[in-house]
Amino acid sequence: MSAPVADGVPDPGAPDLVLERRRMQGLRLVGLHLRVNVMNELQYRSNFAIQLIQSMVALGTGLVALALVFDRTDTLDGWTRPQLLVVMGVFTIVGGIIGFVIEPNMGRVMTDVRQGTFDHVLTKPVDSQLLSSVREFRVWRLTDVVLGLVVLVWGITGLDTSVGVLDGLAFAATLAGGSSLVYCLWLVVTSGSFWFVRMDHVQELFFGLYRAGQYPVSVYPAWLRLSLTYLVPIGFAVTVPSESLTGRLTWERGLITLGFLVIAFAITRFVWVRGSRRYSGASA
Amino acid sequence: MVEDVIRVDGLGKVFEVPVRDPGLAAAAKSLGKRRRREVTAVGAVSFSIAAGEVVGFLGPNGAGKTTTLKMLSGLLHPSHGDCRVLGFQPWRRERDYLQRITLVMGNRNQLQWDLPALDSFQLTRAIYRLPERPFLAQRDELIELLDLGPLVDKPVRNLSLGERMKAEIANSLLHRPKVLFLDEPTLGLDVTMQRRIRSFLADYNQRHGASVMLTTHYMADVEALCERVIVIHHGAILFDGPLRDLAERFASHKTLVVTLDEPADLSAFGQVMEQTGARTTLRIERSRTAVVTAQLLSEHDVRDLTVEDPPIDDVIELAFASGAVEQ
Chain A
1 MSAPVADGVP DPGAPDLVLE RRRMQGLRLV GLHLRVNVMN ELQYRSNFAI QLIQSMVALG
61 TGLVALALVF DRTDTLDGWT RPQLLVVMGV FTIVGGIIGF VIEPNMGRVM TDVRQGTFDH
121 VLTKPVDSQL LSSVREFRVW RLTDVVLGLV VLVWGITGLD TSVGVLDGLA FAATLAGGSS
181 LVYCLWLVVT SGSFWFVRMD HVQELFFGLY RAGQYPVSVY PAWLRLSLTY LVPIGFAVTV
241 PSESLTGRLT WERGLITLGF LVIAFAITRF VWVRGSRRYS GASA
Chain B
1001 MVEDVIRVDG LGKVFEVPVR DPGLAAAAKS LGKRRRREVT AVGAVSFSIA AGEVVGFLGP
1061 NGAGKTTTLK MLSGLLHPSH GDCRVLGFQP WRRERDYLQR ITLVMGNRNQ LQWDLPALDS
1121 FQLTRAIYRL PERPFLAQRD ELIELLDLGP LVDKPVRNLS LGERMKAEIA NSLLHRPKVL
1181 FLDEPTLGLD VTMQRRIRSF LADYNQRHGA SVMLTTHYMA DVEALCERVI VIHHGAILFD
1241 GPLRDLAERF ASHKTLVVTL DEPADLSAFG QVMEQTGART TLRIERSRTA VVTAQLLSEH
1301 DVRDLTVEDP PIDDVIELAF ASGAVEQ
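If you read the sequences in order, they're chains A and B.
So for the first sequence, our numbering puts the first residue at 1; every next one is plus one.
So for the second sequence, our numbering puts the first residue at 1001; every next one is plus one.
Structure follows, in structure tokens:
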């Protein structure tokens, strides 16, 4: 690190320390925060029991609804029962990822902005978006990911088609991409709190919409399908990964997802930077 | 020559705040069109602070202290003026800048609530990218200086307010900042703990030559730590100079404590504040101090006599009052 020079005067405050390299700092921060959160949550074991019951009830009702649908018909808009189980599995996994990392961090940002404690993020020599996105982890919400995987495997075993390594890789990539899209959307909504302060109700709205993701978006009418795909990217987060396992994913769809992801990240970054600058202007 | 670490030039902050009349009708109306008013939090302040200096930044609530500190620590973008801290423009929030400063706010908690402070220190280490050895050295030094030894392995939630503040301060200094912005670091603490933190800050300043800007409502903090004070009121600087000059500038009176051989009525010399037996406390005009002292000594059998400035709290109050008048 070179000592900064202002007006030709050498900086009297150059740190005495040679700092560690910035490379991998993001991963280290994730790792450490994860560790801290695990230690925190291990103190509250009852949370695990409650979470497990909640997850089972949510999944159970979803499965019952699915069973009712298949009492009357063999396919839903071309999706067979095992295929819809795959969708249900992916839906539960993504829900778990949201509850594990996205929602707690975004909720924390909203609280911090409201209470003025966002100061602590902005005075740290780390990218504020990165730090704001990795501080909180609700470890027990991973039960949803595990249960989702169980349903997913159950669905896959019933499929007529076989799932190859390539399909698995495509699934992992689209799942990561889809979850990232959800993160982007959520962060944009969260950044709204820099302007409007109270945004909690919008989170609720998102959860309401997310519930629509337990079915493939193609079963919905066009206006809802388009909203669920491009406005609230549940289509990308749940349906596309499911397509990759059920032989429906086309290269085209994959590329659109990728393009959409790049655009979403750019927009998110823009809104975040503008918003956090605005926080500077609003707090005293 | 001592380098200026902080240079502030005509710095000011104007906030736009929504205004509305009280009542339901006005609340409903404000849903549509909102009226806004400009509020000047800080007018245009200028000052500079040298390396290693500890400066008390004083003013009543709402004077603009915190706003100024927030501009200096990069949290707020000023409306006008300029400032440089360590050669950086704070609000650009460059990492190299944030790496060198710290902002401590009393009553604010940055430590992990359910975990021992040591775990939070590790997070801080990662955020500031501190190599292990200097980190451990600095950590252990802070633990020793702040008597944190028996506390750092207890969950933070089990610590008292004062203990937590000590851990909080340690956490904020792990990266050895060159400039410390302390916003009421002793707020709400008992006298012993206040004293402990004060002596630590003085010690830290000595050891590391860090510059400190401190806001506080406790004059004991100021007396113990700051040779220089800046008094701000209604967003403008009222006084900037040595603490001892403050009384001269704002207190028009001095306090004379006289003990005579026998009790006597001294009301002719000045306003009698208190009289117990032969001991009298007089309030006299500053300009008459010498005359009155001489008179007392020649006309009475004086066993003991002291001339004092009013307590610093009173002086500050007078300074704020004069600021209010100037407005």
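Positions of the beta carbon are idealized from the N, C-alpha and C atoms, including for glycine.
Within chain A, no residue has its beta carbon less than 7 Å from that of Ile1284 (chain B); the closest one is some 42 Å off. Taking 8 Å as the upper bound for CB-CB distance, Val90 (chain A) and Gly31 (chain A) are not in contact here, some 26 Å apart. DSSP, read as helix, strand or coil, puts Pro1155 (chain B) in strand. Nearest C-alpha to Val1272 (chain B) among B:Thr1255, B:Leu1187 and B:Leu1260: B:Thr1255. Membership of Ser1046 (chain B) in the beta strand (DSSP E) is indicated by the continuous run Arg1035 to Ala1050.
Residue contact check for Thr123 (chain A) against chain B: a CB pair falls below 8 Å. In the same chain as Gly247 (chain A), and ignoring 5 residues on each side of it, the C-beta atoms closer than 6 Å to its own belong to Thr161, in chain order. If you check the CB distance, Gly213 (chain A) and Ala176 (chain A) do not come in under 8 Å. With its beta carbon less than 8 Å from one in chain B, Val126 (chain A) belongs to the interface. Looking at the DSSP output, Pro1018 (chain B) bridges to B:Arg1036. Look at the segment 165-209 of chain A and you find these whole runs of alpha helix (DSSP H), each 4 residues long or longer: 165-196. Annotated three-state conformation of His1233 (chain B) is strand, per DSSP. Taking CB atoms only, Gln1206 (chain B) has no neighbour in chain A less than 8 Å away. Assignment of alpha helix (DSSP H) within the segment 15-98 of chain A, counting only whole runs of 4 or more residues, yields 25-42, 45-72 and 81-97 in chain order.
Listed along the chain, the chain A residues whose CB falls inside 8 Å of the CB of Asp1304 (chain B) amount to none; the nearest CB is some 49 Å away. The segment 76-89 of chain A makes no contact with the segment 108-120 of chain A; the number of CB pairs closer than 8 Å stays below 3.
If only complete runs of 4 or more residues are kept, the segment 127-151 of chain A shows the alpha helix (DSSP H) at 128-133, in order along the chain. For Arg1288 (chain B) and Gly1270 (chain B), the gap between their C-alpha atoms comes out near 10 Å.
Arg1093 (chain B) counts as buried, since at least 16 other C-beta atoms from the protein chains shown sit within 10 angstroms of its C-beta. A residue is called buried once 16 or more other Cβ atoms fall within 10 Å of its Cβ, and Leu1130 (chain B) is buried on that count.
Scanning its chain for C-beta atoms nearer than 7 Å, with the 5 sequence neighbours on each side dropped, one finds around Gly1241 (chain B) the residues Arg1228, in chain order.
A straight-line Cα-Cα distance of about 52 Å links Arg1125 (chain B) and Pro221 (chain A). Within its own chain, the residues whose Cβ lies closer than 6 Å to the Cβ of Ser133 (chain A), once the five positions on either side in sequence are excluded, are Asn105, listed in chain order.
Nearest CB-CB separation between His33 (chain A) and chain B: below the 8 Å threshold. Using a Cβ-Cβ cut-off of 8 Å, Leu29 (chain A) counts as an interface residue toward chain B, since at least one Cβ of chain B sits closer than that to its own. Excluding the 5 residues flanking it on each side, Tyr1128 (chain B) has same chain C-beta neighbours closer than 8 Å at Gln1099, Leu1174 and His1175, in chain order. Around the CB of Ile1101 (chain B), 16 or more other CB atoms lie within 10 Å, so the residue is classed as buried.
In this structure, DSSP gives Thr1259 (chain B) an extended state, which the three-state scheme calls strand.
Ser1073 (chain B) counts as buried, since at least 16 other C-beta atoms from the protein chains shown sit within 10 angstroms of its C-beta. Contact annotation: in the segment 1141-1157 of chain B, no residue has its CB less than 7 Å from a CB in chain A. Beyond the five residues adjoining it in sequence on each side, Leu29 (chain A) comes within less than 6 Å, by CB distance, of Val134 in the same chain, given in chain order. By the Cβ-count criterion, Lys1070 (chain B) is buried, with 16 or more other Cβ atoms from all chains shown falling within 10 Å of its own Cβ. Scanning its chain for C-beta atoms nearer than 6 Å, with the 5 sequence neighbours on each side dropped, one finds around Ser1172 (chain B) the residues Thr1102 and Val1104, in chain order. Put simply, the CB of Gly1074 (chain B) is near chain A, with a gap under 8 Å to one of its CB atoms. Its Cα nearest to that of Thr80 (chain A), the residue A:Tyr215 stands out among A:Leu142, A:Ile234, A:Arg277 and A:Tyr215. The three-state reading of DSSP puts Pro1131 (chain B) in coil, since its state is none of H, G, I, E or B.
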